[in-house]
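Accompanying notes for the structure given below.
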Amino acid sequence: MAKYAPEKYWEERLKKDFSLGGVGFLGLGVQYNKWLYKARLRALTKLLKASQINPQGKRILDIGVGTGFYVDYWKERGAKSITGIDITEKSISMLKTKYPGYEFIKADISSKELSIKEKFDVITAFDVLFHIVEEAKFEQAIANIRKLSHQETQILITDSFLKEPRPSGFHEYDRTMDGYKEALIKTELEPVITMPIFYYMNNPIDKNRLNSRLLRSVVSMVWRLIAMLPLLRRLGAFGEAIGYLVGLILYMVDGITLRYAKDGPSSKLLLAQLEDVEGSKCL
Ligand SMILES: C[S@@+](CC[C@H](N)C(=O)[O-])C[C@H]1O[C@@H](n2cnc3c(N)ncnc32)[C@H](O)[C@@H]1O
Numbered sequence: 122m123a124k125y126a127p128e129k130y131w132e133e134r135l136k137k138d139f140s141l142g143g144v145g146f147l148g149l150g151v152q153y154n155k156w157l158y159k160a161r162l163r164a165l166t167k168l169l170k171a172s173q174i175n176p177q178g179k180r181i182l183d184i185g186v187g188t189g190f191y192v193d194y195w196k197e198r199g200a201k202s203i204t205g206i207d208i209t210e211k212s213i214s215m216l217k218t219k220y221p222g223y224e225f226i227k228a229d230i231s232s233k234e235l236s237i238k239e240k241f242d243v244i245t246a247f248d249v250l251f252h253i254v255e256e257a258k259f260e261q262a263i264a265n266i267r268k269l270s271h272q273e274t275q276i277l278i279t280d281s282f283l284k285e286p287r288p289s290g291f292h293e294y295d296r297t298m299d300g301y302k303e304a305l306i307k308t309e310l311e312p313v314i315t316m317p318i319f320y321y322m323n324n325p326i327d328k329n330r331l332n333s334r335l336l337r338s339v340v341s342m343v344w345r346l347i348a349m350l351p352l353l354r355r356l357g358a359f360g361e362a363i364g365y366l367v368g369l370i371l372y373m374v375d376g377i378t379l380r381y382a383k384d385g386p387s388s389k390l391l392l393a394q395l396e397d398v399e400g401s402k403c404l
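Positions 122 to 404 (this note's numbering) are the ones given, in order, by the sequence shown.
So this is what it looks like as structure tokens:
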């Protein structure tokens, strides 16, 4: 099998499908992915509130901006500026046309030659760092994020932050929480808080984090059912309608579950900032 070439892979993937179905969980369809994205916004809003982060008047950097899903979110909350970077020409050209008031730059966050000199108040890397499969490049990406930060920058990252290591896949390497901590601390950044984004809705690759054997079996069983959605997509609009309904139900169930659950078996949202920022409590 050919080696993962990020630029080529993402250019082809986004050209084929420039929608939430293309940047989101491949194969699950646009309708199910819409609910996954709604759940991501729910977690983001909860974390901003819990950490008293107000985007009003802030300079936002969105790394791996993709279809620009989060641009409107920051815009509605009064961000002063929004800059998006992405490894693909497709994302940057589409977003320049859609949002002429904001800046979009084609760049690889894992490059040693990243030429952006500005500093940002809020930096997000949503579902992008696990697509950097080489360790040296991952460390370079974290070092670049540090360079783009000032003393008070709030860094928001979504990933699985696994309890136990997993082997790397073709275009995805899910790292452990300990691995992340190590990489962040090397650049004087520290994780402050994590929040689970999903409970049942996403692939439970971090289910070993859950204490109960019964819960581990239930999340696996639910995922086996969700993983059948790609088969239904052959049915066209009917398949998408089922995806919508399953997404809606699980979105509500996750909402209730996550009111009580501190840990989740899949993606989490992490807030990191520079060490020794006043009031910060490292994880
Ligand atoms: C899974 S998608 C997520 C997109 C968006 N953040 C979201 O949550 O909808 C990953 C995005 O990161 C971009 N990407 C992948 N590797 C990158 C890199 N090394 N530097 C910058 N962007 C990258 C891809 O082109 C793609 O748009």
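A virtual CB, placed ideally from N, CA and C, is assigned to each residue, including glycine.
All values reported here derive from a predicted model rather than from experimental measurement.
| Item | Value |
| --- | --- |
| Reduced DSSP category for E273 - H, G, I as helix; E, B as strand; rest coil | strand |
| Option nearest I206 by Cα separation, candidates I237, G199, K179 | I237 |
| Alpha helix (DSSP H) runs wholly inside the stretch 201 to 232, at least 4 long, in chain order | 210 to 219 |
| Proximal residues to K136 (C-beta, below 8 Å), its chain only, five neighbours per side dropped | K211 |
| Distance cut-off 7 Å: G187 Cβ against heavy atoms of ligand 1 | yes |
| Identity of the residues DSSP links to F241 by a beta bridge | S270 |
| S410 Cβ short of 7 Å to ligand 1 heavy atom set | Here the chain has residues from 122 to 404 only, and residue 410 is not among them. |
| Simplified DSSP assignment, three categories, for I363 | helix |
| Burial state of Y381 (16 or more Cβ within 10 Å) | exposed |
| Contact belief for E264 with T315 at Cβ below 8 Å, rounded distance in angstroms | In the sequence as presented, Glu is not what sits at residue 264; that position holds Ala. Wrong, their Cβ atoms sit about 21 Å apart, outside the cutoff. |
| Heavy atom of ligand 1 within 7 Å of W344 beta-carbon | no |
| Ligand 1 heavy atom lying under 7 Å from the CB of P386 | no |
| C-beta atoms of F259 and A304 nearer than 8 Å | yes |
| Per DSSP, cross-strand counterpart(s) of L182 | T204, I244 |
| Cα-Cα separation, F146 to L395 | 31 Å |
| Stretch-stretch touch, CB-based, cutoff 8 Å, three pairs: the stretch 245 to 255 with the stretch 271 to 290 | yes |
| Beta-carbon contacts of P351 that lie in its chain and below 6 Å, excluding the five residues immediately before and after | G148 |
| Any non-hydrogen atom of ligand 3 closer than 7 Å to L366 Cβ | The model on display carries ligand 1 but not ligand 3. |
| Secondary structure of M122, DSSP reduced to three states | coil |
| A393 beta carbon less than 8 Å from that of V313 | yes |
| Beta-carbon gap between L310 and T297 smaller than 8 Å | no |
| Between the CA atoms of E234 and L371 - distance to the nearest angstrom | 43 Å |
| Start-to-end residues for the alpha helix (DSSP H) that takes in I347 | 334 to 347 |
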